[in-house]
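Asks:
Number of protein chains: 2
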Amino acid sequence: EILAAITDYFTPSTAPLQGIQALVTAGPTHEAIDPVRYIANHSSGKQGYAIAAALQKLGANVTLVSGPTNLPCPAGVTRIAVQSALEMLAACEKSLPADIAVCAAAVADWRVDKIASTKLKKTSATSLPKLNFALNPDILASISRDGPNRPGLVIGFAAETEAVEENAKSKLARKGCDWIIANDVSPQTGTFGGDNNTVLLVDQTGSESWETMTKNAVAEKLAQRIVEKLKLNT
Amino acid sequence: EILAAITDYFTPSTAPLQGIQALVTAGPTHEAIDPVRYIANHSSGKQGYAIAAALQKLGANVTLVSGPTNLPCPAGVTRIAVQSALEMLAACEKSLPADIAVCAAAVADWRVDKIASTKLKKTSATSLPKLNFALNPDILASISRDGPNRPGLVIGFAAETEAVEENAKSKLARKGCDWIIANDVSPQTGTFGGDNNTVLLVDQTGSESWETMTKNAVAEKLAQRIVEKLKLNT
Numbered sequence: 001e002i003l004a005a006i007t008d009y010f011t012p013s014t015a016p017l018q019g020i021q022a023l024v025t026a027g028p029t030h031e032a033i034d035p036v037r038y039i040a041n042h043s044s045g046k047q048g049y050a051i052a053a054a055l056q057k058l059g060a061n062v063t064l065v066s067g068p069t070n071l072p073c074p075a076g077v078t079r080i081a082v083q084s085a086l087e088m089l090a091a092c093e094k095s096l097p098a099d100i101a102v103c104a105a106a107v108a109d110w111r112v113d114k115i116a117s118t119k120l121k122k123t124s125a126t127s128l129p130k131l132n133f134a135l136n137p138d139i140l141a142s143i144s145r146d147g148p149n150r151p152g153l154v155i156g157f158a159a160e161t162e163a164v165e166e167n168a169k170s171k172l173a174r175k176g177c178d179w180i181i182a183n184d185v186s187p188q189t190g191t192f193g194g195d196n197n198t199v200l201l202v203d204q205t206g207s208e209s210w211e212t213m214t215k216n217a218v219a220e221k222l223a224q225r226i227v228e229k230l231k232l233n234t
Numbered sequence: 001e002i003l004a005a006i007t008d009y010f011t012p013s014t015a016p017l018q019g020i021q022a023l024v025t026a027g028p029t030h031e032a033i034d035p036v037r038y039i040a041n042h043s044s045g046k047q048g049y050a051i052a053a054a055l056q057k058l059g060a061n062v063t064l065v066s067g068p069t070n071l072p073c074p075a076g077v078t079r080i081a082v083q084s085a086l087e088m089l090a091a092c093e094k095s096l097p098a099d100i101a102v103c104a105a106a107v108a109d110w111r112v113d114k115i116a117s118t119k120l121k122k123t124s125a126t127s128l129p130k131l132n133f134a135l136n137p138d139i140l141a142s143i144s145r146d147g148p149n150r151p152g153l154v155i156g157f158a159a160e161t162e163a164v165e166e167n168a169k170s171k172l173a174r175k176g177c178d179w180i181i182a183n184d185v186s187p188q189t190g191t192f193g194g195d196n197n198t199v200l201l202v203d204q205t206g207s208e209s210w211e212t213m214t215k216n217a218v219a220e221k222l223a224q225r226i227v228e229k230l231k232l233n234t
């Protein structure tokens, strides 16, 4: 029995991602306005952290590039903490090459063009700030771009509040990634910050709707799909 | 000995704020941009929570109006959780009358004028959002305004990154509060999110600089000053 357990432990089937490098992004980004204010979003990082943990359990070497969250780093995972989209892109580039990339972070599309070095003051009762924005780099599109460092499988997330499937399909084409995991993050769904997720897996050939399950279950199911996909590719 | 302990416990000197109503605000506010994005600030809420706890320990009935934080509610304190400045003002107004108000929250000066009901989309590679702002109500000035509900002692906080004393004195005059606790929240000080604070107590007669100490120690010292002030007032 002991021998069987040991054999089982070292059997490829229990560590099907042994030797696989995985890059996972998670959490929100914070885009500074001035030294005290910033623009954030409601991503908790839970789904990305669960995916990093699930891939690690299947034997992958996982680097987790994480925006600000309150989550502990999953056991065995290497975490790089970042604040802004620019920092996240730089950390991702340093973490390539990888065999798989899962971009679960909710990256801010825009940053404030010029970050004030001192706190913006309310100079008069009626003065309002004028914020000019700059476009952030598109991390998912950047990782998906053809080249020697492109991971064999690039998976993006789409956080939508309307027309979820349509927006996800358009995002897949626009970004050049292989799969999109689309979820409805309307406040009434409780997805952002909550423990459950209802997702749609979209690839070039179609889409597949998964029943509502915990973010951990979504992560495990996605990790299994990744194992199957990598088997097909070899 | 038991009798002494009991007597001591019920002695006014150990509960000098018995019967006193205190309103404390703490934490940042989150001002929604759309269902997923918001503007925040780096306030952790630690200083305000420590003040609520210190006042409660001295016997006060404390209502803590708190923006989003990860802190547990101090024992014996009534907490009202809010997100935005408008919600914080409404919760404060409901919590008045009070004998003391300590406004430690880092309230956003501005909110987004029109909150989008669905997620702002990046419609083209170059499209940038135009955010128009509206001035938030000034909660400290509102509580400090003369009237039957004005607490006998109103204390505000000033989070500054430059000219701390000058800005604090100007804020005291402008808001109509009795004391300002000014602190330097420049990133290099580590005040926002950290456990220490270096403050300056400013009133009509002058200012007093406190050495760097933990936020708990600042809270206890401030609570003692409040006790002394209330004694003078009676």
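So the protein sequences, as listed, match chains A and B.
Reading the first sequence from the start, the letters are residues 1 to 234 in my numbering.
Reading the second sequence from the start, the letters are residues 1 to 234 in my numbering.
From the three backbone atoms N, C-alpha and C, an ideal C-beta is built for every residue, glycine too.
(1) Closer than 8 Å between beta carbons: that is the criterion. Which residues of the stretch 174-204 of chain B meet it against chain A?
(2) Is the Cβ of Phe133(A) closer than 8 Å to any Cβ of chain B?
(3) Tell me the residue span of the beta strand (DSSP E) that contains Gly156(B).
(4) Check Asn61(B) in the structure and name its three-state DSSP category.
(5) Beta carbons nearer than 9 Å to chain B: which residues of the stretch 55-78 of chain A have them?
(6) Near Val164(A), what residues of its chain come up, given a Cβ to Cβ distance below 8 Å and the 5 sequence neighbours on each side ignored?
(7) On a Cα-Cα basis, can you pick out the residue from Ala40(B), Gly19(B), Glu93(B) that is closest to Thr25(B)?
(8) Which same chain residues end up closer than 7 Å to Glu220(B) when comparing Cβ atoms and leaving out the 5 residues on each side of it in sequence?
(9) Helix, strand or coil for Arg145(B)? Go by DSSP, reduced to three states.
(10) For Ile143(B), which of Lys130(B), Asp203(B), Thr191(B), Asp99(B) has the nearest alpha-carbon?
(11) Determine the burial state of Arg145(B): buried for a count of at least 16 other Cβ atoms within 10 Å of its Cβ, exposed for fewer.
(12) Looking at chain B, is there any beta carbon in it that lies within less than 8 Å of the beta carbon of Phe128(A)?
(13) So, with DSSP's three-state summary, where would you put Val199(A)?
(14) Can you name the residues of chain B whose CB is closer than 8 Å to the CB of Glu160(A)?
(15) Could you tell me which of Ile51(A), Leu86(A), Ser84(A), Gln83(A) sits nearest to Pro74(A), measuring between CA atoms?
(16) Does Ile38(A) have its Cβ less than 8 Å from a Cβ in chain B?
(17) Using only the alpha-carbon positions, how far apart do Lys130(B) and Ile139(B) sit?
(18) Could you spell out where the alpha helix (DSSP H) holding Gln224(B) opens and where it closes?
(19) Does the stretch 30-48 of chain A touch the stretch 63-82 of chain A, meaning 3 or more C-beta pairs lie closer than 8 Å?
(20) According to the neighbour-count rule (16 or more other Cβ atoms, all chains shown, within 10 Å of its Cβ), is Asp113(A) buried or exposed?
(21) Out of Gly193(B), Val202(B), Thr205(B), Glu228(B), point me to the one whose CA is closest to Tyr49(B)'s CA.
(22) Is it buried or exposed, Gln47(B), if we count other Cβ atoms within 10 angstroms and call 16 or more buried?
(23) Terminal residues of the continuous alpha helix (DSSP H) containing Ala168(A)?
(24) Roughly how many angstroms lie between the CA atoms of Lys121(A) and Leu71(B), to the nearest whole one?
(25) Cβ closer than 9 Å: which chain A residues qualify as neighbours of Pro35(B)?
(26) Per DSSP, which one or two residues make a beta bridge with Cys103(A)?
(27) Mind checking whether Gly156(A) and Ile180(A) have CB atoms under 8 Å apart?
(28) Does Trp210(B) get closer than 8 Å to chain A when you measure Cβ to Cβ?
(29) Three-state secondary structure (DSSP) at Thr78(B)?
(30) Do Gln56(A) and Gly76(A) count as a contact pair if the criterion is CB distance below 8 Å?
(31) For a test of the three-state rule: what should DSSP assign to Ser95(B), helix, strand or coil?
(32) Following the continuous beta strand (DSSP E) through Glu208(B), name the residue where it begins and the one where it ends.
Replies: Judging by the given coordinates:
(1) Of all residues in the stretch 174-204 of chain B, only Val185, Ser186, Pro187, Phe192 place a beta-carbon less than 8 Å from a beta-carbon of chain A.
(2) Taking the first residue of the first sequence as 1, we reach residue 133(A) at position 133. Cβ-Cβ to chain B under 8 Å: yes for Phe133(A).
(3) Numbered from 1 along the second sequence, position 156 holds the residue referred to as residue 156(B). Where Gly156(B) is concerned, the enclosing beta strand (DSSP E) starts and stops at 153-160.
(4) As a working mapping, residue 61(B) is identified with position 61 in the second sequence. DSSP places Asn61(B) in the strand class (E or B) of the three-state scheme.
(5) Taking 9 Å as the Cβ-Cβ cut-off, the stretch 55-78 of chain A approaches chain B at Asn70, given in chain order.
(6) As a first step, residue 164(A) must be located in the first sequence, where it is residue number 164. In its chain, beyond the 5 residues on either side, Ala158, Ala182, Asn183, Asp184, Leu200 have a beta carbon closer than 8 Å to the beta carbon of Val164(A).
(7) As a working mapping, residue 25(B) is identified with position 25 in the second sequence. When each option's Cα is compared against that of Thr25(B), the closest is Glu93(B).
(8) By 1-based counting over the second sequence, the position of residue 220(B) is 220. Within the same chain, Cβ atoms closer than 7 Å to the Cβ of Glu220(B) are found at Ala54, the five residues on either side in sequence being excluded.
(9) Position 145 of the second sequence, counted from the first residue, corresponds to residue 145(B). Three-state result, Arg145(B): coil.
(10) For the purposes of this step, residue 143(B) is identified with residue 143 of the second sequence, where counting begins at 1. For Ile143(B), the nearest C-alpha among the options comes from Asp99(B).
(11) For this step, residue 145(B) is matched to residue 145 along the second sequence. Per the 10 Å Cβ criterion, exposed.
(12) Your numbering for residue 128(A) matches position 128 in the first sequence. Correcting the residue identity first, residue 128(A) is Leu in this sequence and not Phe. It does; some Cβ of chain B falls within 8 Å.
(13) To locate residue 199(A), count along the first sequence from 1; it is residue 199. In this structure, Val199(A) counts as strand in the three-state DSSP scheme.
(14) Numbered from 1 along the first sequence, position 160 holds the residue referred to as residue 160(A). The contact set of Glu160(A) on chain B, defined by CB atoms closer than 8 Å, consists of Lys119 in chain order.
(15) For this step, residue 74(A) is matched to residue 74 along the first sequence. Looking only at Ile51(A), Leu86(A), Ser84(A), Gln83(A), the smallest Cα-Cα distance to Pro74(A) is reached by Ile51(A).
(16) To locate residue 38(A), count along the first sequence from 1; it is residue 38. Here residue 38(A) turns out to be Tyr, not Ile, going by the sequence shown. Yes, because at least one Cβ of chain B sits closer than 8 Å to the Cβ of Tyr38(A).
(17) Indexing the second sequence from 1 puts residue 130(B) at position 130. Indexing the second sequence from 1 puts residue 139(B) at position 139. Going from the Cα of Lys130(B) to the Cα of Ile139(B) covers about 27 Å.
(18) Numbered from 1 along the second sequence, position 224 holds the residue referred to as residue 224(B). Looking at the DSSP string, the run of the alpha helix (DSSP H) that includes Gln224(B) is 215-233.
(19) A contact exists between the stretch 63-82 of chain A and the stretch 30-48 of chain A.
(20) Taking the first sequence and counting its residues from 1, one reaches residue 113(A) at position 113. Exposed, by the Cβ-count rule.
(21) For the purposes of this step, residue 49(B) is identified with residue 49 of the second sequence, where counting begins at 1. Comparing Cα-Cα distances from Tyr49(B) to each of Gly193(B), Val202(B), Thr205(B), Glu228(B), the minimum goes to Gly193(B).
(22) Numbered from 1 along the second sequence, position 47 holds the residue referred to as residue 47(B). Classification of Gln47(B): buried, given that the 10 Å Cβ count is 16 or more.
(23) In the first sequence, counting from the first residue as 1, residue 168(A) sits at position 168. Start and end: 164-175.
(24) Looking up residue 121(A) in the first sequence gives position 121. Looking up residue 71(B) in the second sequence gives position 71. So the two alpha carbons sit approximately 28 Å from each other.
(25) Looking up residue 35(B) in the second sequence gives position 35. Close partners of Pro35(B) in chain A (Cβ separation under 9 Å): His42, Thr161, Val185, Ser186, Pro187, Phe192.
(26) The residue you call residue 103(A) lines up with position 103 of the first sequence. Beta-bridge pairing by DSSP links Cys103(A) to Thr25(A), Gly156(A).
(27) Within the first sequence, residue 156(A) is the residue found at index 156, counting from 1. Within the first sequence, residue 180(A) is the residue found at index 180, counting from 1. Yes, they are a contact pair.
(28) As a first step, residue 210(B) must be located in the second sequence, where it is residue number 210. No - not a single Cβ of chain A is within 8 Å of the one on Trp210(B).
(29) Residue mapping note: residue 78(B) aligns to position 78 of the second sequence, counting from 1. In the structure shown, Thr78(B) adopts extended strand secondary structure according to DSSP, grouped into three states.
(30) As a working mapping, residue 76(A) is identified with position 76 in the first sequence. As a working mapping, residue 56(A) is identified with position 56 in the first sequence. In contact: Gly76(A) and Gln56(A) (Cβ atoms closer than 8 Å).
(31) Translated into the one-based positions of the second sequence, residue 95(B) becomes position 95. Correct three-state label for Ser95(B): helix.
(32) Indexing the second sequence from 1 puts residue 208(B) at position 208. Its beta strand (DSSP E) spans residues 206-209.
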